[in-house]
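Q: The structure that follows is given in the form of structure tokens.
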Amino acid sequence: MVFTMAEFKISLDEHRNKEYYTIINDSNELMYRWNEINNFIHHTHISSLRPWLFKKAARPFAKKMSALQEDYSKWHDMATRFQANPNLVIEINEMHHFIFLHYMSVLRTRIQQLNTDMKIIIDNFNLKYAESENKRNFLIALISLTFSLISFILAFIK
């Protein structure tokens, strides 16, 4: 028995499925914003001598990240609600079941990917923030050690 794959056009009318395409387009916009914040996190160097500058530089991105999390939460609610009760307008033909499964699979993948990406960006931001705190604490320790040594030396000189 030989099976052959036939080519089928799998498409969904954007005008008749506005809710689905709104969800997909909103996920693209969220990913664009996610990339902007993540690029900042990965390309920002934390100076060992002035680690407090990271906090100053990170403030606008922290606000953007809070807004992104809020918008993501709204998007996630809308997407999971649609996934639970899908309302797709599909032309009835021999492939309509596969078309439905394909587009719902795309949506499920988007939901899972954005969920993972949001966890990653929060972890990345927290790690970068912790790195700045560690460098600040190390700098304070070095300054304390320096003053302690100076005090120790001055105590022996007198």
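Each residue of the sequence shown is one higher than the one before, starting from 8 at the first, in the working numbering. Beta carbons: idealized from backbone N, C-alpha and C, even for Gly. The model shown is predicted, which means the values in this text are computed figures rather than measured ones.
Nearest to residue 18 by alpha carbon, out of 49, 110, 153?
A: Looking up residue 18 in the sequence shown gives position 11. Among 49, 110, 153, the Cα nearest to that of residue 18 is on 110.
Q: Counting Cβ pairs closer than 8 Å, one from the region 105-119 and one from the region 52-65, do we hit at least three?
A: No, because fewer than three Cβ pairs between the region 105-119 and the region 52-65 fall closer than 8 Å, the two stretches do not touch.
Q: Assuming residue 48 and residue 126 are in contact, meaning their beta carbons sit under 8 Å apart, how far apart are those beta carbons, in whole angstroms?
A: Looking up residue 48 in the sequence shown gives position 41. Looking up residue 126 in the sequence shown gives position 119. That belief does not hold up - the Cβ atoms of residue 48 and residue 126 are roughly 14 Å apart, past 8 Å.
Q: Go through its chain and collect everything with a Cβ distance to residue 44's Cβ below 8 Å, but skip five positions before and after it.
A: In the sequence shown, counting from the first residue as 1, residue 44 sits at position 37. Excluding residues within five positions, the ones whose Cβ falls inside 8 Å are 68, 71, 72, 75, 128, 132.
Q: Report back the beta-carbon spacing between residue 62 and residue 139 to the nearest angstrom; my notes put them in contact at under 8 Å.
A: Locating residue 62 in the sequence shown gives position 55, where the first residue counts as 1. Locating residue 139 in the sequence shown gives position 132, where the first residue counts as 1. Contact flag correct, Cβ pair sits at about 6 Å.
Q: DSSP three-state label for residue 113, please.
A: In the sequence shown, the residue the question calls residue 113 occupies position 106. Looking at residue 113 - three-state DSSP - the assignment turns out to be helix.
Q: For residue 117, collect the residues of the same chain with a Cβ closer than 6 Å to its Cβ; drop the 5 residues on either side in sequence, then sort them by chain order.
A: Numbered from its first residue, the sequence shown carries residue 117 at position 110. Cβ within range, chain order: 34.
Q: Could you tell me the alpha carbon to alpha carbon distance between residue 64 and residue 83, rounded to whole angstroms?
A: The sequence position of residue 64 within the sequence shown is 57, counting from 1. The sequence position of residue 83 within the sequence shown is 76, counting from 1. Cα to Cα, the separation comes out at about 29 Å.
Q: If you drop the 5 nearest sequence neighbours on each side, which residues of the same chain put their C-beta closer than 6 Å to that of residue 40?
A: For the purposes of this step, residue 40 is taken as residue 33 along the sequence shown, with counting starting at 1. Answer for residue 40: 75, listed in chain order.
Q: Tell me whether residue 122 sits in a helix, a strand or coil according to DSSP, three-state version.
A: Working through the sequence shown from its first residue, we reach residue 122 at position 115. Three-state DSSP puts residue 122 in a helix.
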